[in-house]
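Input: a single structure, listed below in structure tokens.
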């Protein structure tokens, strides 16, 4: 009778090592609570966002700008793809630490071979230079591998 409870505890410990579902383990989920605190800013989803994005214009000139995108993910990744849409016709000319594809206003940054793996709670970043017209509004939304992100 006493071996059954002790074998139940290792089972709970085994589930704690799985990052996919940790309902009985509130401590690992505490890492996601800052994202949960920002969840009201993302009313489109009921589950916590897949990531948090910080978009920052580093430098700006008459017809162009340089920006960085820093992404924090709640899940481990073997590959990543970040997508967003520009609102003012901006066109990416060059990107580093990711491969770029742009179709109209829609931009997709895909991991380079050397930075495609990211640990849960990890951060990755990439940057770019782009052409712009008179206005240079920041993107209103980002996604990571097709899942909505919150904007920091």
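Residue numbers (this note's numbering): 11 to 162.
Just so it is clear, CB atoms sit at the ideal spot from N, CA and C, and this is done for glycine as well.
Taking each of 121, 150 and 95 in turn and checking the Cα distance to residue 88, the smallest one comes out for 121. Of all alpha-carbon atoms in 96, 157 and 144, the one lying nearest the alpha-carbon of residue 70 is that of 144.
It is roughly 20 Å from the alpha-carbon of residue 103 to the alpha-carbon of residue 150.
By the Cβ criterion, the region 75-82 is in contact with the region 134-142, since at least three pairs of Cβ atoms, one from each stretch, lie closer than 8 Å. Scanning its chain for C-beta atoms nearer than 6 Å, with the 5 sequence neighbours on each side dropped, one finds around residue 100 the residues 140 and 142, in chain order. The residues 117, 149 and 152, in chain order, have a CB closer than 6 Å to that of residue 94 in the same chain once the five nearest residues on each side in sequence are set aside.
The DSSP-derived three-state label of residue 69 is strand. Distance from residue 85 to residue 60 at the Cβ level is roughly 7 Å; contact confirmed, criterion being Cβ atoms closer than 8 Å. Taking all protein chains shown into account, residue 90 has 16 or more neighbouring C-beta atoms within 10 Å of its C-beta and is therefore buried.
DSSP lists 93 and 158 as the bridge partner or partners of residue 153.
As the crow flies, the alpha-carbon of residue 124 is around 25 Å from that of residue 161. For the pair residue 97 and residue 113, the Cα-to-Cα distance works out to about 13 Å.
For residue 113, the three-state secondary structure derived from DSSP is strand.
A straight-line Cα-Cα distance of about 16 Å links residue 129 and residue 63.
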